[in-house]
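Residue numbers (the working numbering): 38 to 251. Note that CB positions come from ideal geometry on N, CA and C, so glycine has one too. Here's the structure we're looking at; comments come further down.
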Ligand SMILES: N[C@@H](CCC(=O)N[C@@H](CS)C(=O)NCC(=O)O)C(=O)O
């Protein structure tokens, strides 16, 4: 049995953060596929009782520990492995600041936007999509500006803040209907730097469940 198990599915950028971290640190891990789309597994009483009361992926199992919230998982793995870890109090707080900003305002809007455009039937109401797109544009501009002055979110080396923020950004542009890397040159160059890290793998290859079965 691998040391870590990760409840996840290929289309989840939130889960990708944890899967990517596990891979980048060279952990011994295996995915546990969650049937989110067809089976509605995260909404079942069984999942909520046995896996995660919040009804979400990712969930990381490590021995007796069961952790959810990708930010918590990233912190746990960084502390255990010493890899991609912020150093010292100032960096730890700075990483946490960007992870919360990401969860709420960057991928926190991108995830639902992509879901409503690409997976939901009927697709999202135009007024809702317009609201989300406005928030996405404003917040991606903040990240792009940050990356105009440094190679990675905290400075010259990658940390868990980068692994959090890239959550949805490697998925195909067609799934959003706009090309983030193409229109934000600093984000594009930063994604290339993350892609160049040893053991980087695309979300659709790293986690099970792609393509979706009809
Ligand atoms: N802030 C959470 C977000 C997790 C999340 O929303 N995961 C989605 C999948 S991408 C989910 O499981 N949603 C189930 C639901 O909301 O019913 C994290 O970073 O782990």
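> Taking the alpha carbon of residue 191 as the point to measure from, which residue in 116, 136, 109 has its own alpha carbon closest?
Replying inline: 136
>> Could you tell me the alpha carbon to alpha carbon distance between residue 147 and residue 211, rounded to whole angstroms?
In response: Straight across, the Cα-Cα distance linking residue 147 with residue 211 is about 13 Å.
> Just how far apart, CA to CA, sit residue 213 and residue 90?
Replying inline: 29 Å
> Distance, Cα to Cα, residue 117 vs residue 54?
Replying inline: 16 Å
> Looking only at its own chain, which residues have a Cβ that is under 8 Å from the Cβ of residue 224, when we skip the five neighbours before and after it?
Replying inline: 177, 180, 181, 184, 206, 217, 218
> Is it the case that the CB of residue 140 approaches a heavy atom of ligand 1 more closely than 6 Å?
Replying inline: yes
> DSSP on residue 68, reduced to helix/strand/coil?
Replying inline: strand
> So does the region 38–57 actually touch the region 99–114, counting three or more Cβ pairs closer than 8 Å?
Replying inline: At 8 Å Cβ cutoff, the stretches touch.
> So is the beta-carbon of residue 87 under 6 Å away from any non-hydrogen atom of ligand 1?
Replying inline: no
>> I'd like to know whether the C-beta atoms of residue 109 and residue 44 end up nearer to each other than 7 Å.
In response: Going by C-beta atoms, residue 109 is not nearer than 7 Å to residue 44.
> Which parts of the region 77–130 are runs of the beta strand (DSSP E), unbroken and 3 residues or longer, counting only runs that do not cross its ends?
Replying inline: 96–99, 102–105
> Which term fits residue 93, buried or exposed, when burial requires 16 or more other beta carbons within 10 angstroms of its beta carbon?
Replying inline: Its Cβ being crowded by 16 or more others within 10 Å, residue 93 is buried.
>> Please identify the residue among 57, 72, 65, 61 whose C-alpha is closest to the C-alpha of residue 248.
In response: 72
> Between the region 76–86 and the region 235–244, do at least 3 Cβ pairs fall closer than 8 Å?
Replying inline: no
> So does residue 167 have its beta carbon nearer than 6 Å to some heavy atom of ligand 1?
Replying inline: no
>> Less than 6 Å separating the Cβ of residue 246 from some heavy atom of ligand 1?
In response: no
> Under a three-way DSSP split, which group does residue 53 fall into?
Replying inline: In the three-state scheme derived from DSSP, where H, G and I count as helix and E and B as strand, residue 53 is classed as helix.
>> Going by the DSSP bridge assignment, what does residue 203 pair with across the sheet?
In response: Looking at the DSSP assignment, residue 203 forms no beta bridge with any residue, so it has no partner.
>> Could you compute how far the alpha carbon of residue 151 sits from the alpha carbon of residue 86?
In response: 28 Å
> Where does residue 141 sit, in a helix, a strand or coil, going by DSSP?
Replying inline: helix
> When you compare only the Cα positions, how much space is there between residue 250 and residue 186?
Replying inline: 43 Å
>> Can you look up residue 241 in the DSSP assignment and give me helix, strand or coil?
In response: helix
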